[in-house]
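Note sheet for the following structure.
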Amino acid sequence: MLTTAQHESFAHQGYLLLPGFFDAAVDFAALRAEYEDVLATAARDLAARGLVDDTHADLSFGDRVARLVRASGGELHKYLDITLPQRGVGTETPMHAGPAVFALMRDPRLLDLVEAMIGPEIYSNPTQHVRIKPPARAFDGHDRLANEIATTVWHQDQGTVIPAADATRMLTVFIAVTPATKENGCLLVAPTSHKRGLALHCHNARASFSSQAIPDRLVGEDRLALEMQAGDVLLLDKLTMHASLPNLSDEIRWSVDLRYNPIGQPTGRPWFPGFVARSRAAPERELRDAGEWAGLWAGARRRLTIDPPATFQRWAEDDPGCA
Ligand SMILES: O=C(O)CCC(=O)C(=O)O
Ligand SMILES: [Fe+2]
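Residue numbers (our numbering): 928 to 1250.
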């Protein structure tokens, strides 16, 4: 699946870009169709909740996302993402766990790639996102939303899971559903930064949502904008520092980022459900039913409504290194 040179490049650089891994027109057709429905349902639900005045059914997918995310004060993005939020989960908190996303997470070619990296006993880590980023101009005058949705601050994925998972071999798989360019907000990576270990992350004061960012001085000078075509896949080491640029184009930037780890290792988000994506040793343990997967998330939502985790964040907001 991967050449020795590719393995070596990942080990040295902390990332590996695989151009043309998927055929976007073919492989993302079901995902796109599913999201037409997700968006339509979200629009109706937001209107029913009184959060938007208009469902904007006449707009194209991308324009509709841009209009509704702004009008709903960011609430739309909960419906589009494939995880629950890190706080404030209630019985009605929306999220998406549908069959096309599930099929992508279990795609045999993708799992072959993951197997080449972490071995054949593969657990789908619940640290996972569908990101449909509207143009930044959709947020004009609404900086909080722009900072939360339109860009991603510098971070390491290991910093987004609890320390119990520090020894876990977690691999990030970033899938470009649309092109990701410098103009529309592609990823930035700091090559070889994974060799420096886990960096301090500080509270990001520009977002009301509690995200933590690596202070700029710790990122270093070497920053690479990784442009991707639709269908390209990027692997990231859990310690590679990365961020994203703002979307300054007129169209959405859409990606799916997934994580996998060997079965039995802590995911770092024990209150969210993962599943066995592939097991050569015990294939009967694989989860193959999208409905069951959605059920796991529904169960997590019920539990989180009653008993939310004390904290998701590793670093205290008043960490002395952040002063
Ligand atoms: O898409 C983005 O802006 C951020 C993606 C990311 O942080 C990841 O894939 O781990
Ligand atoms: Fe990340």
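C-beta: ideal position from N, C-alpha, C; glycine also.
What you are looking at is a predicted structure, and each value in this text was computed from that prediction instead of being measured.
Residues sharing a beta bridge with residue i, DSSP
i, result
"M928", "In DSSP, M928 forms no bridge with anything."
"S1206", "E1048"
"T1099", "L1163, R1186"
"M1155", "A1107"
"R1058", "S1182"
"H1169", "H1082, V1116"
"H1130", "Q1139"
"Y1006", "Partner(s): none; Y1006 has no beta bridge."
"L945", "V1160"
Cβ pair residue i, residue j closer than 9 Å
i, j, result
"L1161", "F1101", "yes"
"R1228", "T1018", "yes"
"Q1083", "L1166", "yes"
"S1206", "T1078", "no"
"V992", "L1003", "yes"
"A1208", "E1042", "no"
"G1112", "S1051", "no"
"P1189", "G1025", "no"
"G989", "L1072", "no"
"A1225", "R1033", "no"
"A938", "A1027", "no"
"D1246", "C1129", "yes"
CA-to-CA distance, residue j to residue i, given in whole angstroms
i, j, result
"R997", "H1069", "8 Å"
"L1031", "D1184", "11 Å"
"H1023", "A932", "37 Å"
"A960", "Y1006", "15 Å"
"V965", "N1074", "24 Å"
"L1231", "T930", "43 Å"
"S936", "G1124", "18 Å"
"D980", "E1211", "48 Å"
"H1121", "Q1085", "10 Å"
"D1143", "A1250", "13 Å"
"Y1187", "P1173", "27 Å"
"L978", "D972", "9 Å"
"T1238", "L1115", "28 Å"
"P1235", "I1089", "15 Å"
"S999", "A967", "14 Å"
"W1242", "Q1013", "15 Å"
"A975", "E963", "18 Å"
"F955", "E1244", "40 Å"
"F1202", "P1035", "15 Å"
"Q940", "I1233", "43 Å"
"I1141", "E1213", "36 Å"
"F1029", "V953", "16 Å"
"D1093", "H934", "22 Å"
Close beta carbons around residue i, own chain, < 7 Å, minus the five adjacent residues each side
i, result
"G1248", "L1127"
"H1267", "One cannot answer for residue 1267 here, as it falls past the ends of the chain, which runs 928 to 1250."
"T1010", "M1022, P1053, Q1055, H1056, F1199"
"F1066", "R997, L1072, A1073, A1077"
"S1138", "V1080, N1131"
"E1154", "A1107, T1108, K1109, C1113"
"M928", "D1039, L1040, A1043"
"D1149", "A1117, P1118"
"L986", "R994"
"T1087", "T1054"
"A1063", "A1073, A1077, P1173, N1174, L1175"
Nonlocal neighbours in the same chain, by C-beta distance under 6 Å from residue i, ignoring five residues either side
i, result
"V1146", "W1081, A1117, M1168"
"F949", "G1158"
"A951", "A1157, G1158"
"L1163", "Y942, T1099"
8 Å Cβ shell around residue i - same chain, five flanking residues per side excluded
i, result
"D1008", "M1022, H1023, H1056, V1057, R1058"
"A1091", "P1193, G1195, P1197"
"L1151", "L1115, V1116, A1117, P1118"
Practice task
Take every Cβ of the region 1048 to 1066, pair it with every Cβ of the region 1171 to 1182, and state whether three or more of those distances are shorter than 8 Å.
Solution key: They touch, by the three-pair rule.
Handout entry: Three CB pairs or more closer than 8 Å across the region 1105 to 1119 and the region 1209 to 1223
Key = At 8 Å Cβ cutoff, the stretches do not touch.
Practice task
Could you tell me whether the region 1090 to 1099 touches the region 1192 to 1205, using the rule of 3 or more Cβ pairs below 8 Å?
Solution key: Yes, the region 1090 to 1099 is in contact with the region 1192 to 1205.
Problem - Segment contact, 8 Å Cβ cut-off, at least three pairs: the region 929 to 944 with the region 1158 to 1173 - result: Counting C-beta pairs closer than 8 Å gives three or more between the region 929 to 944 and the region 1158 to 1173, which meets the contact rule.
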